[in-house]
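What follows is a short report on a single structure.
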RNA sequence: GCGCCCGUAGCUCAGUUGGAUAGAGCAAUGGCCUUCUAAGCCAUCGGUCGCAGGUUCGAAUCCUGCCGGGCGUGCCA
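Residue numbers (this note's numbering): 2 to 581.
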């Protein structure tokens, strides 16, 4: 159950019973300090003000109308009119006992199952994935996994860059390479970055080549079969490599999720035609333009967004309009989450403004941009994408693996080779992913090996280590978790802190689903791991002088901790191991 | 010029949408392993929340104006 929601409903009702207007929010939060209890309600003060009442008197009336005897020990009024709630250990113990054998650890499925489209990853064809793709891929997948855990239907939409004028030169370059080596697809294209660079170089230096390339662009857009075949080869070889990277990262993105820009091409003429019919798009200097009062141009006039070029070609705004429409009409989206670079913010807002005006997606279907900043180098300058010096995602993962290997050899060198490899991989991928997942910055951020791959403090290995410590207790105790029973008794401070944290798992999971931000769950899991580490230090389980009833109680807290950590880390795409 | 985002401890970041004395990790310092894995635990140190006003019982959070940084701004994506 969600304790916060439970209390919020109870107190909201009491607030109304005490004379507050019907929809007055109870504003229940986890308490800021231990002396303020476990939860606090901040809703009395605004209402008292509105009604011209003394807030502490209103708070008392709320309490008089509030029945929380089963759940709370103590309810008190504090400060100007806060209501502080202290949960009853027996109540928590009873709830937690129920979670020990529950494979959802107390998290209920969402009341209404939604279809949620998650726009993520979006690598470019004929280029290798590099560090800038990491956030979108990892965060998008983590949110997807969490939403799926809550029972929603998630469509991962991999909006790959598979269209545009650059394909002319790529096709021409591929053609040249094939003349010399028919097997080029299997050899030289292993290094896509080099392939792209070489074709660009050729394009810039050879006018004949450039002419041929431009001709191929026209032919490709006209649906020329040979060009399409060449284009398809480039898409396939790129995605084959990317799918390997996804697999390595433990990210659940498959070939079926590929929905690139080219997918919407067929929709574009009809959309422009439709917008023209609605009076939204008008002709200006040969191009089709949508004017938006919401945005101003340099002269202070409504900004014009071009949806079709003078030469008849379409632009990416038109594609994104079609894309939003497709996600609503064809995929049946109730909600669309876009995990895209912050630089696209204005562009997306414009596209969506047009989408709403054209009536392609109703207001109740939300289009949410979850932006993040650019990856900067240590010199505070962005990574270059074309002129070399790019940090490839694959080499980043290699480096992470190398570092994890060094660490494991040092700490647990005597582990069997197969197990060791598994642990190394879990730690390497977990560390890289966690460093991205735990941040919520929309501004730029500096990429640093040392921060990303440090294995101390608020990191994936810390939480994985907490998990192995629990498992170690069970190995020592020789007890099967499935056979655990008996009562939970919450006595020590460390037990109480752990217990309350365990009660709050669903709040964290639902927070991620609501906000689309996995760092909420990261923070929760770090706190949970911390509570367990403290419990581990202060509350022995397997010692000889621990009474039997205390031992069974603590074993259950351990079992639930393990389950919660595993489920929670699973929600954000981080593996656990039994030993490390 | 206009628009969007950002500015919190030496560093990396939280701050539950206006709540109580602004929190973590790293780094630094000092303690804790004959006792379930010390990748750990405990303690100390560290802040004019960019600056100045305003709104109110109450502001890191909201409004205005500055300062500083990033991004975007009609025929690339």
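Backbone N, C-alpha and C fix where the C-beta goes; we use that ideal spot for every residue, glycine too.
Handout entry: Under the three-state DSSP convention, the category residue 88 falls into
Key = strand
Problem - the segment 150-158 contacting the segment 107-114, beta-carbon criterion three pairs below 8 Å - result: yes
Exercise for the section: May I ask you to report which of helix, strand or coil DSSP gives residue 452? Expected result: helix
Problem - Where residue 387 sits in the DSSP three-state scheme - result: Here residue 387 scores only 37 on pLDDT, less than 50, and its place in the model is too uncertain to base an answer on.
Handout entry: Close Cβ partners of residue 581 (< 6 Å) along its chain, the five nearest in sequence each way excluded
Key = 424 and 469
Handout entry: Bridge partner(s) assigned by DSSP for residue 520
Key = Partner(s): none; residue 520 has no beta bridge.
Exercise for the section: State the DSSP-derived secondary structure class of residue 573, mapped to helix, strand or coil. Expected result: coil
Exercise for the section: Have a look at 500, 445 and 51 and flag the residue whose alpha-carbon is nearest the alpha-carbon of residue 373. Expected result: 445
Exercise for the section: Measure the Cβ-Cβ separation of residue 42 and residue 84 and say whether it is below 7 Å. Expected result: yes
Practice task
Taking all protein chains shown into account, decide if residue 502 is buried (16 or more other Cβ within 10 angstroms of its Cβ) or exposed.
Solution key: buried
Practice task
Compute the Euclidean distance between the alpha carbons of residue 387 and residue 171, then round it to the nearest angstrom.
Solution key: Bear in mind that the predicted position of residue 387 carries a pLDDT of just 37, short of 50, making it too unreliable to give a figure here.
Practice task
Would you be able to state if there are at least three C-beta pairs under 8 Å between the segment 514-529 and the segment 482-489?
Solution key: no
Handout entry: Anticipated Cβ contact below 8 Å, residue 250 with residue 315, distance rounded
Key = Residue 250 to residue 315, Cβ: 33 Å. No contact.
Practice task
Identify which residue in 289, 194 and 541 has its Cα closest to the Cα of residue 239.
Solution key: 194
Handout entry: Own chain, CB closer than 8 Å to residue 398, minus 5 neighbours either side, in chain order
Key = 246, 249, 250, 429, 430 and 433
Exercise for the section: Whole angstroms is fine: what's the gap from residue 311's alpha carbon to residue 292's? Expected result: 16 Å
Exercise for the section: Please list, in chain order, all residues of the same chain as residue 559 whose beta carbon is under 6 Å from its beta carbon, the five residues on each side excluded. Expected result: 471 and 474
Problem - Spatial distance of residue 283 from residue 439 (CA atoms) - result: 45 Å
Problem - Beta-carbon spacing of residue 169, residue 214 below 7 Å - result: yes
Handout entry: Three-state secondary structure assigned by DSSP to residue 42
Key = strand
Handout entry: Cβ-based burial, residue 231 [other Cβ within 10 Å; buried from 16]
Key = buried
Problem - Cα-Cα separation between residue 263 and residue 322, rounded to whole angstroms - result: 13 Å
Handout entry: Rounded separation between residue 78 and residue 86 - CA only
Key = 9 Å
Problem - Distance, residue 122 Cα to residue 337 Cα - result: 15 Å
Practice task
Kindly identify the DSSP beta-bridge partner or partners of residue 551.
Solution key: Beta-bridge pairing links residue 551 to no other residue.
Handout entry: Own chain partners of residue 370 with C-beta closer than 8 Å, once the 5 adjacent residues on each side are dropped
Key = 339, 341, 345, 346, 349 and 350
Handout entry: beta strand (DSSP E) segment containing residue 274, residue limits
Key = First-last for residue 274: 269-278, but that is the alpha helix (DSSP H), not the beta strand (DSSP E).
Exercise for the section: Would you check if the distance between the CB atom of residue 259 and the CB atom of residue 159 is smaller than 7 Å? Expected result: yes
Problem - Own chain partners of residue 66 with C-beta closer than 7 Å, once the 5 adjacent residues on each side are dropped - result: 15, 18 and 19
Exercise for the section: Please go through the same chain and pick out, in chain order, the residues whose beta-carbon is closer than 6 Å to the beta-carbon of residue 389, but skip the five residues on each side of it. Expected result: Legend: pLDDT at residue 389 = 46, less than 50; position of this residue unreliable, no value from coordinates given.
Handout entry: Alpha-carbon to alpha-carbon, residue 375 and residue 546
Key = 56 Å
Problem - Classification of residue 403 by the beta-carbon crowding that lies within 10 angstroms, buried from 16 upward - result: exposed
Problem - residue 556 versus residue 532: straight-line alpha-carbon distance, rounded - result: 15 Å
Problem - Option nearest residue 179 by Cα separation, candidates 164, 224, 235 and 142 - result: 235
Practice task
For residue 100, count neighbouring C-beta atoms within 10 Å of its own C-beta (all shown protein chains included) and say buried if the count is 16 or more, exposed if not.
Solution key: buried
Handout entry: Beta-carbon proximity check, residue 577 vs residue 504, cutoff 7 Å
Key = no
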